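Sequential numbering of the sequence shown, starting at 46, is according to the working numbering.
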Amino acid sequence: MQDPNPRNTKPAPTAAKTRQAGAGGVRGNVAVSAQRTAAPPRLHLTESNQRRRRLNTMLAIGLVAIVLVAPLPVGSNRGAAWMLWAMVLGAGAALYFTAVALLPSVRPFRALMVRRWLWLVAAVLVWGLVQYLPIAGFLPRWIAALPETGAPRPASLSLAPGATFVAVLRGFTVLLFFILMIEVSARLSRARTIGWTLFFGVAFYALWSLLSLRFFGDSFFWGTKTSSLGAATGPFVNRNSFATFLGIGAVLGLALMLERARLPRMRHPSGHRLTSAENIATLFLDVVWLIVMVALVATQSRMGLVSTVAGLGLVWVTSPNAQASGRRAQMLRWSGGVAAVAVIVFLLAFQGEAVISRFFGAEGDLAVRTALYAQVIDMIATRPLTGFGLDAFQPAFELYHRLPVSSALIWDKTHSTYLALWVELGLVFGTLPMIAAAGLALRLVQVLRRRHHDVALVAAALAALLTTGIHSLVDFSLEMQANQFLLLAVLALGVARRGMTDNLEDGTAPIASETPGAAE
46 MQDPNPRNTK PAPTAAKTRQ AGAGGVRGNV AVSAQRTAAP PRLHLTESNQ
96 RRRRLNTMLA IGLVAIVLVA PLPVGSNRGA AWMLWAMVLG AGAALYFTAV
146 ALLPSVRPFR ALMVRRWLWL VAAVLVWGLV QYLPIAGFLP RWIAALPETG
196 APRPASLSLA PGATFVAVLR GFTVLLFFIL MIEVSARLSR ARTIGWTLFF
246 GVAFYALWSL LSLRFFGDSF FWGTKTSSLG AATGPFVNRN SFATFLGIGA
296 VLGLALMLER ARLPRMRHPS GHRLTSAENI ATLFLDVVWL IVMVALVATQ
346 SRMGLVSTVA GLGLVWVTSP NAQASGRRAQ MLRWSGGVAA VAVIVFLLAF
396 QGEAVISRFF GAEGDLAVRT ALYAQVIDMI ATRPLTGFGL DAFQPAFELY
446 HRLPVSSALI WDKTHSTYLA LWVELGLVFG TLPMIAAAGL ALRLVQVLRR
496 RHHDVALVAA ALAALLTTGI HSLVDFSLEM QANQFLLLAV LALGVARRGM
546 TDNLEDGTAP IASETPGAAE
């Protein structure tokens with residue numbers, strides 16, 4: 046029957062159109078099928094990121110726990126502590142890397158960004174193994190020169206091969222810790238949480254040291270103190286080692302507090318009240334930071350105080366508040382500087398009588414240190430290429446020890462980390478850790494120049510390097526494993542940042558290109 050409405054009449058499709066429609070349908074089905082096929086990898090990528098995030102969070106908890114517990118066994122300056130952390134970190138790293146390898150997709154590890162500096166440190170540790178091997182008999186005598194004492198010459202380059210082997214193990218432990226900490230610090234929010242946790246952990250030890258000094262008879266975590274009496278030492282034996290620990294915490298806390306002060310704030314409905322939650326939180330953080338500074342002065346460590354003040358100054362200079370322009374920024378700089386000087390003067394007046402007296406009495410200590418350093422330099426000149434063995438300073442120094450350096454004391458440290466590296470490893474390999482530290486510092490400076498926000502952790506890492514670098518000139522506090530863990534943790538928080546925008550912080554993009562990607 047013919048349609049009465051001619052407008053509804055549609056012409057029959059021709060054969061050509063039928064073929065086109067069929068081909069178009071096939072292409073459409075192929076496209077849909079391709080989209081369905083491509084969807085699962087995206088799903089797997091998201092699931093992989095979520096699993097990787099959970100793994101990093103669990104690993105971060107473990108690493109932070111190590112940093113906070115490490116000071117308890119006498120600053121982890123005992124063989125039992127070295128073995129414990131080596132086993133814990135070795136087992137944890139094996140489980141972590143195995144779990145990551147089983148993920149559907151794996152992004153490059155963040156530590157690859159600084160791999161050249163990590164290889165330098167690894168080369169130093171390999172050289173330590175060479176010193177451990179019994180190869181001295183195959184080398185010319187001038188390479189492994191020693192004073193003639195009539196005793197048999199050692200078979201290895203190291204005068205204490207057992208201690209050297211343990212030191213190499215300890216070195217690989219802290220290197221592995223640093224690599225893992227860089228990985229868990231890739232996510233900015235997690236890195237901030239780690240930073241605050243470390244700061245409060247340092248503050249806890251600071252508070253305990255003050256309570257112990259004032260109310261518990263200057264007691265020690267593990268019994269009666271035998272050294273640094275009348276000075277705050279916390280869980281450490283030496284005042285200077287504890288001062289380095291506190292100094293790192295102080296610069297980290299100041300950097301985080303300055304960043305927090307720059308964050309936008311909501312206005313209070315009834316005005317800016319003094320008792321608002323924001324003001325109370327700020328006051329609490331100020332008090333916690335002051336506790337750390339009071340404990341630092343109570344250590345009576347002269348160089349600990351000087352190096353920490355230098356680190357705090359660097360944090361202030363690199364803060365975006367200090368780099369801003371305008372009248373308000375200028376007033377902020379002046380007021381902040383005056384406040385910092387006032388705090389230091391107040392602390393010295395309140396708690397600093399002992400440290401001030403030690404400053405005035407430094408002449409005698411300087412004479413002893415100068416004589417010690419002169420004899421250590423003679424040792425370096427004897428073996429400039431090979432060194433006497435990692436961690437073998439004590440038996441080596443006995444061969445060169447003479448007056449005016451007192452023979453009533455056991456000199457097991459050089460009292461200068463730089464000299465210790467050179468006398469134990471030689472000038473070549475002993476300089477490599479310094480080059481690695483300088484390379485990481487240069488990277489942090491480059492990130493600070495490129496970024497204009499979220500730079501607190503970068504500034505804290507750079508200031509921690511400065512603080513420990515200055516203190517290590519005349520002391521061995523950085524040779525305590527607890528201080529190494531804390532320094533490397535803060536350094537990793539800064540090194541993991543990239544000199545680009547925030548959306549790169551958790552990217553899955555290749556490290557070399559630093560292109561934006563999905564979240565961790």
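Note that the Cβ used here is the ideal one computed from N, Cα and C, for glycine as well.
Note that this is a predicted model, so its numbers are computed, not measured.
Original post:
Just how far apart, CA to CA, sit R237 and A537?
Top reply: By 1-based counting over the sequence shown, the position of residue 237 is 192. By 1-based counting over the sequence shown, the position of residue 537 is 492. So the two alpha carbons sit approximately 12 Å from each other.
Original post:
When burial is assigned at 16 or more other CB atoms within 10 Å of the CB, is G124 buried or exposed?
Top reply: Within the sequence shown, numbered from 1, the residue matching residue 124 stands at position 79. Flag for G124 reads exposed.
Original post:
Nearest to V337 by alpha carbon, out of R495, A231, L472, G246?
Top reply: In the sequence shown, residue 337 corresponds to position 292, counting from 1. Minimum Cα distance to V337 is reached at G246.
**OP:** Classify R373 as buried or exposed, calling it buried when 16 or more other Cβ atoms lie within 10 Å of its own Cβ.
**Re:** Walking along the sequence shown from the start, residue 373 turns up at place 328. Summary for R373: the model assigns pLDDT 49, below 50, so the residue's position carries little reliability, and this model does not support an answer.
**OP:** Using the Cα positions of S522 and L466, report the straight-line distance between them to the nearest angstrom.
**Re:** Within the sequence shown, numbered from 1, the residue matching residue 522 stands at position 477. Within the sequence shown, numbered from 1, the residue matching residue 466 stands at position 421. Taking the straight line from one Cα to the other gives about 14 Å.
Original post:
Going by the beta-carbon positions, is the gap between G514 and A482 smaller than 9 Å?
Top reply: As a working note, residue 514 is residue 469 in the sequence shown. As a working note, residue 482 is residue 437 in the sequence shown. The answer is yes: Cβ separation under 9 Å.
Subject >> Alpha-carbon spacing of M302 relative to L330, whole angstroms >> reply: In the sequence shown, the residue the question calls residue 302 occupies position 257. In the sequence shown, the residue the question calls residue 330 occupies position 285. Straight-line Cα distance between these residues: approximately 8 Å.
**OP:** Specify whether the segment 468-485 and the segment 158-167 touch according to this definition: at least 3 beta carbon pairs, one from each stretch, less than 8 Å apart.
**Re:** yes
**OP:** Starting from F265, follow its DSSP beta bridges and name the residues at the other end.
**Re:** The residue you call residue 265 lines up with position 220 of the sequence shown. Answer by DSSP bridge pairing, in chain order: G268.
**OP:** Determine, using beta-carbon pairs with one atom in the segment 201-211 and one in the segment 417-435, whether at least three such pairs fall under 8 Å.
**Re:** yes
Subject >> Proximity of A205 and R428 at Cβ, strictly below 9 Å >> reply: If you number the sequence shown from 1, residue 205 lands on position 160. If you number the sequence shown from 1, residue 428 lands on position 383. Taking C-beta atoms as the reference points, A205 and R428 fail to come closer than 9 Å.
Subject >> Option nearest I227 by Cα separation, candidates A277, T102, S201, G120 >> reply: As a position in the sequence shown, residue 227 is number 182, starting the count at 1. For I227, the nearest C-alpha among the options comes from T102.
Original post:
Nearest to L157 by alpha carbon, out of S461, L485, L104?
Top reply: Walking along the sequence shown from the start, residue 157 turns up at place 112. Selected option, being the one with the closest Cα: L485.
Original post:
Run through DSSP, which three-state label would N528 get?
Top reply: Translated into positions along the sequence shown, residue 528 becomes position 483. N528: helix per DSSP, three-state reduction.
Original post:
Can you name, in chain order, every residue of its own chain whose Cβ lies under 8 Å from the Cβ of D263, other than the five neighbours on each side?
Top reply: Residue numbering aside, residue 263 sits at position 218 when the sequence shown is read from its first letter. The answer, listed in chain order, is S257, K270, L274, G275.
**OP:** From the DSSP output, in three-state form, read off W187 for me.
**Re:** By 1-based counting over the sequence shown, the position of residue 187 is 142. Looking at W187 - three-state DSSP - the assignment turns out to be coil, as it is neither helix nor strand.
Original post:
Can you tell which of G294, A136, H446 has the C-alpha that lies nearest to the C-alpha of A534?
Top reply: Within the sequence shown, the letter at position 489 stands for residue 534. Cα-wise, what sits closest to A534 is G294.
Subject >> Reduced DSSP secondary structure (H/G/I, E/B, other) of G434 >> reply: Position 389 of the sequence shown, counted from the start, is the residue given in the question as residue 434. It is coil, neither helix nor strand.
Subject >> L531 versus L291: straight-line alpha-carbon distance, rounded >> reply: Stepping through the sequence shown from its first residue, residue 531 is reached at position 486. Stepping through the sequence shown from its first residue, residue 291 is reached at position 246. Across the structure, L531 and L291 are spaced so that their CA atoms are roughly 10 Å apart.
Original post:
Using a Cβ-Cβ cut-off of 7 Å (strictly less than) and excluding sequence neighbours within five positions of F154, which residues of its own chain qualify?
Top reply: The sequence position of residue 154 within the sequence shown is 109, counting from 1. So the list reads E228, once near-sequence residues are dropped.
Original post:
Which runs of the alpha helix (DSSP H), 4 residues or longer, sit entirely within the segment 320-375?
Top reply: 322-343, 347-363, 365-368
**OP:** With a floor of 4 residues, list each alpha helix (DSSP H) that falls wholly inside the segment 410-482, ordered by position along the chain.
**Re:** Listed in chain order, they are 438-442.
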